[in-house]
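**Student:**
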Amino acid sequence: GLAVDLSYSGLEAESWLAAHAHEHGFTLSYPRNAQRQTGFHWEPWHFRFVGADVASTLHERPGLSLEQLFEETPGLGESGDCSDCPLPESKSTCDGLDTAGRCDGETMRWCFKGAANAVDCRLIAERCTADAGARICVP
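Position one of the sequence shown corresponds to residue 488 (our numbering), numbered consecutively onward.
1. Please report the straight-line C-alpha distance between Leu493 and Pro531, rounded to a whole angstrom.
2. Out of Phe527, Ala508 and Gly550, which has the shortest C-alpha to C-alpha gap to Phe534?
3. Can you grab the Cα-Cα spacing for the pair His528 / Asp540, in whole Å?
4. In whole angstroms, give me the CA-to-CA distance for Phe557 and Gly497.
5. Do Glu554 and Gln524 have their C-beta atoms within less than 8 Å of each other?
6. From what residue to what residue does the beta strand (DSSP E) around Phe482 run?
7. Could you tell me the alpha carbon to alpha carbon distance between Asp591 and Leu515, rounded to whole angstroms?
8. So for His528, helix, strand or coil by DSSP?
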């Protein structure tokens, strides 16, 4: 779907978006602490148009990512298996990684749906650590 990167400054604008984006059919693409579900670090400026119904559902269920909603609601969204991904890195296997993952310095690595994933926590001024057995990026 349509995605936009918004340019704004200040907590007031970020708070307004969190409270009202769903009214216009938008949702935050990569919420804080959802790296393990989305494969991307938190990007408070990146929004995706998903329509009013889906956006409202996500707004009413804080902490639920769009990817998780797709998994809960078959047919709502479809994820590919990356068989058509052009880069070899996109087809990498887990090679010893599990779903809990590991920290390689400040890079969080984990196995997600049979593919190796990594997020550099430093890109969002955070660090990789263990939380309840799983690796996450934290401030």
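From the three backbone atoms N, C-alpha and C, an ideal C-beta is built for every residue, glycine too.
**Tutor:** Reading it off the structure:
1. In the sequence shown, counting from the first residue as 1, residue 493 sits at position 6. In the sequence shown, counting from the first residue as 1, residue 531 sits at position 44. Using only the alpha carbons, I get a separation of about 9 Å.
2. Residue numbering aside, residue 534 sits at position 47 when the sequence shown is read from its first letter. Answer by Cα proximity: Ala508.
3. Working through the sequence shown from its first residue, we reach residue 528 at position 41. Working through the sequence shown from its first residue, we reach residue 540 at position 53. Cα to Cα, the separation comes out at about 25 Å.
4. Taking the sequence shown and counting its residues from 1, the one referred to as residue 557 is at position 70. Taking the sequence shown and counting its residues from 1, the one referred to as residue 497 is at position 10. Their Cα atoms are separated by approximately 31 Å.
5. Residue 554 sits at position 67 when you count from the first residue of the sequence shown. Residue 524 sits at position 37 when you count from the first residue of the sequence shown. Cβ distance < 8 Å, so Glu554 and Gln524 count as in contact.
6. Absent from the model: residue 482. The displayed extent of the chain is 488 to 626, so no value can be given.
7. Your numbering for residue 591 matches position 104 in the sequence shown. Your numbering for residue 515 matches position 28 in the sequence shown. When rounded, the distance between both Cα atoms is 28 Å.
8. Taking the sequence shown and counting its residues from 1, one reaches residue 528 at position 41. In this structure, His528 counts as coil in the three-state DSSP scheme.
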